[in-house]
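Each step along the sequence shown adds one to the number in numbering that gives the first Met the number 0, with nothing skipped, and position 228 is 227.
To start, the structure under review is shown below, and the notes come after it.
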Amino acid sequence: MRLTAPLLAGLVTASTAHADDAAPLRRRDATVAEIFAGPFRSPRLFAMPVADVVGAFQLSLSGDGSLLQEPGLLTSAGVAAIGFGDVAQIEYRHTTAIGIGRLTAPVPAVGVQLQAPLPRTWPALAIAFRLGVPRREAIGDAPVDETVTDLYLVTRVTLPRRLAGITLHGGARVSSARIARPDLGEDGAAQRTMILPTVGVDVPAGTSARAIAEVGLAPQFRFDPAIEPRPRVDYGLLGRAGVRWAITPAVVLDASVGYQLEVARMRPAEGPGSLVQWDIRLGGEVFVPWGALVCRATGGFCE
């Protein structure tokens with residue numbers, strides 16, 4: 000495949016772009032190659048959000064899945080984010096949680112993220128609010144509804160000099176996690192407010208790939224009607240490490256290995272060989288510079 004100069008330049012910056020970088024061209028005479036050359040910036044590592052927004056007139060669609068957590072069933076998670084200006088995005092996201100079956104069970108949420116307009120030499124800072132949407136699970140004939148609402152603060156620091164290109168991420172979620180049996184009303188509900196720190200790092204691994212690792216606490220929902228009729232909420236620990244590879248600036252593939260630990264018991268979620276404890280996930284992200292495409296086609300939204 001023959002790569003044009005704009006695409007080659009975009010591949011170099013695809014996984015390192017931040018909110019203060021240039022955006023895809025919004026000119027009527029821009030070529031498709033120039034439009035999709037980026038740079039584009041992702042609102043996440045793997046599951047961890049970062050202190051960047053996707054940018055004005057842009058859309059990010061991403062997701063991943065695994066066949067290991069529950070054999071024969073694809074467990075998946077995703078993010079859809081659309082930028083408003085260079086400091087805000089509206090998003091639909093599967094926020095991280097551990098379900099009653101001890102699976103990494105993403106809980107849906109809708110929200111907004113705002114990035115502080117700070118100088119480039121300062122660490123980036125963003126705050127997000129995500130309103131949880133109930134997700135239903137069941138053990139036998141006993142259903143439960145799980146909801147997680149988050150207030151998230153996250154920062155990003157790019158290291159200087161010899162370590163240039165290595166980016167550190169850190170943040171904390173203030174989560175209101177609720178699990179309820181709809182047939183029992185408030186007598187069958189449990190709610191807990193939790194402070195959940197998370198950290199991550201991404202390191203250049205070539206011109207178009209980055210190695211990424213992240214670890215953080217997450218709500219863990221518990222319910223076993225054979226032992227206790229009322230569900231509860233505990234802490235769980237989730238970690239992932241892997242690679243993001245930009246096939247083109249606008250198309251990125253993910254591959255990662257995950258690990259799960261029950262913090263309440265300080266032991267792995269299952270035995271050492273459990274497929275729930277270890278997980279392999281594959282996914283990707285697609286960037287759509289819709290403003291630049293509309294500009295080229297109709298003359299609207301041009302710079």
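Just so you know, even glycine gets a beta-carbon here, dropped at the ideal spot from N, CA and C.
Just so you know, these numbers come straight off a predicted model, no measurement behind them.
Buried or exposed (CB count within 10 angstroms, at least 16 for buried), residue i
i           : result
residue 246 : exposed
residue 148 : buried
residue 178 : buried
residue 43  : buried
residue 227 : exposed
residue 190 : exposed
residue 63  : buried
residue 94  : buried
residue 288 : buried
residue 49  : buried
residue 260 : buried
residue 119 : exposed
residue 195 : buried
residue 278 : buried
beta-carbon residue i near the ligand NAP non-hydrogen atom, thresh 7 angstroms
i          : result
residue 51 : Absence of the ligand NAP from the depicted structure is noted, as is the absence of any ligand whatsoever, leaving it without description.
C-beta atoms of residue i and residue j nearer than 8 angstroms
i           : j           : result
residue 193 : residue 234 : yes
residue 86  : residue 52  : yes
residue 111 : residue 146 : no
residue 41  : residue 59  : yes
residue 256 : residue 239 : yes
residue 154 : residue 201 : no
residue 152 : residue 170 : yes
residue 199 : residue 47  : yes
residue 55  : residue 83  : yes
residue 138 : residue 224 : yes
residue 237 : residue 210 : no
residue 99  : residue 295 : no
residue 229 : residue 187 : yes
For residue i, the residue or residues it bridges with in DSSP
i           : result
residue 201 : 166 and 211
residue 259 : 237
residue 286 : 59
residue 90  : 80 and 110
residue 196 : 171
residue 115 : Answer by DSSP bridge pairing: none, since residue 115 is not bridged.
Sequence-distant residues of the same chain with beta carbon closer than 7 angstroms to residue i, five excluded per side
i           : result
residue 332 : Residue numbering for the chain in the displayed model covers 0 to 302; residue 332 lies beyond these limits and cannot be assessed.
residue 24  : 33, 34 and 291
residue 203 : 164 and 209
residue 122 : 154, 155 and 156
Secondary structure of residue i, DSSP reduced to three states
i           : result
residue 120 : coil
residue 64  : strand
residue 171 : strand
residue 317 : Because the chain here runs from 0 to 302, residue 317 falls outside it and cannot be looked at.
residue 272 : A caution first: residue 272 carries a pLDDT of 42, below 50, which makes its placement in the model unreliable, though a value can still be read off. Residue 272 falls in the coil class under three-state DSSP.
residue 291 : helix
residue 110 : strand
residue 253 : strand
residue 131 : strand
residue 227 : coil
residue 145 : strand
residue 136 : strand
residue 297 : helix
residue 29  : coil
residue 180 : coil
residue 51  : coil
Cut-off 6 angstroms between Cβ atoms - residues of its own chain near residue i, not counting five sequence neighbours on either side
i           : result
residue 244 : 208 and 252
residue 92  : 78 and 108
residue 35  : 249
residue 254 : 241, 242 and 281
residue 115 : 124
residue 89  : 81 and 111
residue 197 : 47, 170 and 215
residue 286 : 39, 59 and 249
Sequence-distant residues of the same chain with beta carbon closer than 8 angstroms to residue i, five excluded per side
i           : result
residue 142 : 135, 136, 180, 181 and 182
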